[in-house]
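Student: Residues in the sequence shown are numbered consecutively from 894, following my numbering.
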Amino acid sequence: MVYRVLVQQTSQSFEVAANESVLEAALRQDVKLAHECTFGGCGTCRVKLVEGAVGYEQFPLALTPEEAQQGYALMCQARPESDLVISAEPAPEGVCEPQHCTAMVREVRWLTPEVANLHLELPDLPAFGYLPGQYMNVHLGDGTHRSFSMASLPNASRVDFHVRRIPGGRFTDAHLDRLGAGDLLEVELPLGAFRFHAEDYRPLVMVATGTGLAPIKSILESLLDDPDCPPVWLYWGMRSESGLYLDQEIRRWTPRLYEFQYVPVLSRASNQWQGKRGHVQDAVLADIGDLSEHSIYMCGSPAMISDAKQAFLAHGADLEHIYTDGFSFQHASQA
Ligand SMILES: Cc1cc2nc3c(=O)[nH]c(=O)nc-3n(C[C@H](O)[C@H](O)[C@H](O)COP(=O)(O)OP(=O)(O)OC[C@H]3O[C@@H](n4cnc5c(N)ncnc54)[C@H](O)[C@@H]3O)c2cc1C
894 MVYRVLVQQT SQSFEVAANE SVLEAALRQD VKLAHECTFG GCGTCRVKLV EGAVGYEQFP
954 LALTPEEAQQ GYALMCQARP ESDLVISAEP APEGVCEPQH CTAMVREVRW LTPEVANLHL
1014 ELPDLPAFGY LPGQYMNVHL GDGTHRSFSM ASLPNASRVD FHVRRIPGGR FTDAHLDRLG
1074 AGDLLEVELP LGAFRFHAED YRPLVMVATG TGLAPIKSIL ESLLDDPDCP PVWLYWGMRS
1134 ESGLYLDQEI RRWTPRLYEF QYVPVLSRAS NQWQGKRGHV QDAVLADIGD LSEHSIYMCG
1194 SPAMISDAKQ AFLAHGADLE HIYTDGFSFQ HASQA
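Below, the structure is given as structure tokens:
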């Protein structure tokens, strides 16, 4: 059975064959829909169904049953069960189309044994720019790529990334150690829809695990000294004290962000640790029982995001004000 999909914002339409996901069909017919991991882990391809119904062979990690009930769907996994009208958030003003360019490595500095600060120079940056929260793809030359979020503000051609070493990882383990000043990387940016929603006018709850801090750092730096900055809570989940690679810098934001509360949360803290322990989402709920008035930004582990989203929805959070950026990764078979 072939179904037709209409994209509400652009009036583009395309057909989905019986064995295809909506995203596969869109890309085959040159209809652009935001996406990244293509296996339901990152949530980048989430849209709202205005009309019609979809099903899933396997319900995707990056979608909660509550989201599905409220009409959201993940295009990379969704199979139409009728003709569809979908609402895909248009790119905000000021964001350019993704472009390929050659970036020069300025420095690779290990902040901890597990996390490197990758400092790149993007010669063409002023030509396109990006929004805090977005990411780039590094192309490895064999048709595959790896995604990393910009950790610094888009105000210069030099851009920082926080890269976690994945043991055995082709890029973050094998390649990164060999990179040095002057080496070149083929990259594509800006990508992704994760960004600050100033129009919400709500107190902010920012939740990161590990290097999920990177896009949140970029967003929060854009709010430093901003008179319209809402109250900000930042929860940063890590395993142990030594992993908190940006702790001192974050503490220095305190006088420059409105009512800023910074809460590091450790899952394997030493006995000396005086702060919060356990899962980052539990720490949020221990402090803020009712999340109905907040905008919530979550970034990092897809499993944390999935658990936290469900827990926060049960405590009043509004799906319209939850923004997520799951750091999924390519299947080994695709890498
Ligand atoms: C939109 C987006 C933004 C991202 N931004 C960042 C960022 O700013 N900083 C950052 O450190 N990471 C980020 N990631 C995750 C990052 O892209 C992957 O960890 C990276 O691609 C791993 O590449 P690799 O070649 O080293 O590993 P690969 O060779 O691709 O993987 C080797 C194996 O390791 C496992 N693996 C890979 N990555 C992960 C992971 N993240 N968690 C658990 N297991 C994994 C898999 O089993 C995989 O088969 C982001 C991901 C997405 C989708």
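Ideal placement from N, C-alpha and C gives every residue a C-beta, glycine not left out.
With a threshold of 8 Å on Cβ separation, who are the neighbours of residue 1227 within its own chain once the five nearest residues in sequence on each side are excluded?
Tutor: In this predicted model, residue 1227 has a pLDDT of only 44, less than 50, meaning its place in the structure is not dependable enough to derive any value.
Student: With a threshold of 7 Å (Cβ to nearest heavy atom), would residue 1218 be considered close to ligand 1?
Tutor: yes
Student: Kindly give me the distance between the Cβ atoms of residue 1084 and residue 1028, rounded to whole angstroms, as I take these residues to be in contact under 8 Å.
Tutor: 5 Å
Student: Mind reading off the beta-carbon distance from residue 1191 to residue 1204? Whole number of angstroms is fine, and I expect it under 8 Å.
Tutor: At roughly 11 Å, the Cβ-Cβ gap does not stay under 8 Å, so residue 1191 and residue 1204 are not in contact.
Student: Quick one: does residue 912 have its CB under 8 Å from some CB of chain C?
Tutor: Looking at the structure shown, chain C is missing, and only one protein chain is on hand.
Student: With DSSP run on the structure shown, which of helix, strand or coil describes residue 1013?
Tutor: strand
Student: Could you give the DSSP three-state label for residue 925: helix, strand or coil?
Tutor: coil
Student: So what does DSSP say about residue 1093, is it helix, strand or coil?
Tutor: helix
Student: Hey, would you say residue 1016 sits closer than 8 Å to residue 994, going by beta carbons?
Tutor: yes
Student: Is residue 1175 helix, strand or coil by DSSP?
Tutor: Residue state, collapsed to three classes: helix.
Student: When DSSP labels each residue in this structure, what does residue 963 get in the three-state scheme?
Tutor: In the structure shown, residue 963 sits in coil (DSSP, three-state: anything other than H, G, I, E or B).
Student: Opposite residue 1053 in the DSSP bridges: which residues?
Tutor: 1012
Student: Does DSSP put residue 951 in a helix, in a strand, or in coil?
Tutor: coil
Student: Roughly how many whole angstroms lie between the Cα atoms of residue 1225 and residue 1062?
Tutor: Because residue 1225 sits at a pLDDT of 41, beneath the cut-off of 50, its placement in the model cannot be relied upon, and the following sentence gives the value as read from the coordinates. Going by the C-alpha atoms only, they are around 10 Å apart.
Student: Could you check if residue 1007 is buried or exposed, using at least 16 other CB atoms within 10 Å of its CB as the buried criterion?
Tutor: buried
Student: Beta-carbon within less than 7 Å of residue 1057's beta-carbon, same chain only, minus the 5 sequence neighbours each way: which residues are those?
Tutor: Closer than 7 Å at Cβ, skipping near neighbours: 1007, 1008, 1065, 1103, 1104.
Student: Determine the extent of the alpha helix (DSSP H) in which residue 1108 is found, giving its start and end residues.
Tutor: 1106-1116
Student: If I measure Cβ to Cβ from residue 1187 and keep anything under 6 Å in the same chain, skipping five residues before and after, which residues do I get?
Tutor: Once the five neighbours on either side are set aside, the close Cβ partners of residue 1187 are 1095, 1096, 1098.
Student: Is the separation between the beta-carbon of residue 902 and that of residue 943 shorter than 8 Å?
Tutor: no
Student: Once DSSP output is grouped into helix, strand and coil, what is the label at residue 1025?
Tutor: Of the three classes helix, strand and coil, the one that applies to residue 1025 here is coil, per DSSP.
Student: Name the two residues that bound the continuous alpha helix (DSSP H) containing residue 971.
Tutor: No alpha helix (DSSP H) holds residue 971; DSSP gives it neither H nor E.
Student: Just the Cα atoms here: how many angstroms apart are residue 894 and residue 1174?
Tutor: Going from the Cα of residue 894 to the Cα of residue 1174 covers about 42 Å.
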